[in-house]
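Note that numbering that gives the first Met the number 0 has the sequence shown beginning at 0, numbered continuously upward. First up is the structure itself, then whatever we jot down about it.
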Amino acid sequence: MMIEWLKFHVPESLREAFIRKDDEVWTQEMQKFSGFLGKEVWIDPITFDVVLVIRWESRQAWEAVPKAKIDYLEKQMGELTMPLLESQQYQVRKFFH
0 MMIEWLKFHV PESLREAFIR KDDEVWTQEM QKFSGFLGKE VWIDPITFDV
50 VLVIRWESRQ AWEAVPKAKI DYLEKQMGEL TMPLLESQQY QVRKFFH
């Protein structure tokens with residue numbers, strides 16, 4: 000499993016609108032792609048930055064999303080496009096139960 004980790008600076012006054020729009024634009028579309036496993040939204044209680052944690056079955060599944068689709072979805076965010084502060088990726092190797 001691959002984790003796509005994205006951190007955005009979102010003004011507190013726009014946070015809920017950003018989260019709703021991200022769900023409408025990104026999450027709904029990503030669910031159509033094979034290998035998309037899910038997504039979580041984390042909110043930093045101090046800075047109010049928003050972290051999106053997206054789970055993919057594999058790197059191949061993640062990279063199979065066409066660049067044109069990504070560009071299109073970025074435009075769909077419109078005025079709620081927020082600056083990306085940090086982007087990371089992780090490979091999950093072991094689950095503890």
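Backbone N, C-alpha and C define an ideal beta-carbon position, used for all residues, glycine too.
- Note that the region 63-78 does not touch the region 37-44; fewer than 3 beta-carbon pairs, one per stretch, sit closer than 8 Å.
- At a Cβ-Cβ threshold of 8 Å, Trp4 and Gln90 do not count as neighbours.
- Close CB contacts of Thr26 within its chain, under the 7 Å cut and outside five residues either way in sequence, are with Lys38 (chain order).
- In the three-state scheme derived from DSSP, where H, G and I count as helix and E and B as strand, Ser86 is classed as strand.
- Under a 10 Å Cβ-count criterion, Phe94 is classified as exposed, with fewer than 16 other Cβ atoms of the shown protein chains found around its own Cβ.
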